[in-house]
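**Q**
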Amino acid sequence: MSYHDRDWYIDWWKKKMNYVERATFRVPENVRADWIRRSRWRRVFRRVAVLVFCLVAAIVVKRLVRGM
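Every letter in the sequence shown is one number past the one before it in UniProt numbering, and letter 60, counting from 1, is 60.
(1) Could you give the DSSP three-state label for Val60: helix, strand or coil?
(2) Tell me the residue span of the alpha helix (DSSP H) that contains Asp11.
(3) With DSSP run on the structure shown, which of helix, strand or coil describes Arg26?
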């Protein structure tokens with residue numbers, strides 16, 4: 001096997017697993033900070049949504065139990 005294609009399986013595996021090399025993908029700091037900020041807000045929104053869902057479910061269960 002020649003030198004230039006001896007690691008063909010690494011490239012094959014990366015392609016198969018949809019691997020993306022991040023070292024060559026440069027992102028400005030402000031864009032990255034925006035991504036982080038948005039992900040934090042999404043996390044907060046999900047937690048609030050779960051809390052509201054639990055409260056609504058508790059109210060529904062309480063009304064169903066009281067109705068019996």
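Built from N, CA and C at the ideal position, the CB exists for glycine as well.
Please read these numbers as outputs of a predicted model, since none were measured by experiment.
**A** So, from the data block:
(1) Residue mapping note: residue 60 aligns to position 60 of the sequence shown, counting from 1. Reduced to three states, the DSSP call for Val60 is helix.
(2) Numbered from its first residue, the sequence shown carries residue 11 at position 11. Residues 8–16.
(3) Position 26 of the sequence shown, counted from the start, is the residue given in the question as residue 26. Residue state, collapsed to three classes: coil.
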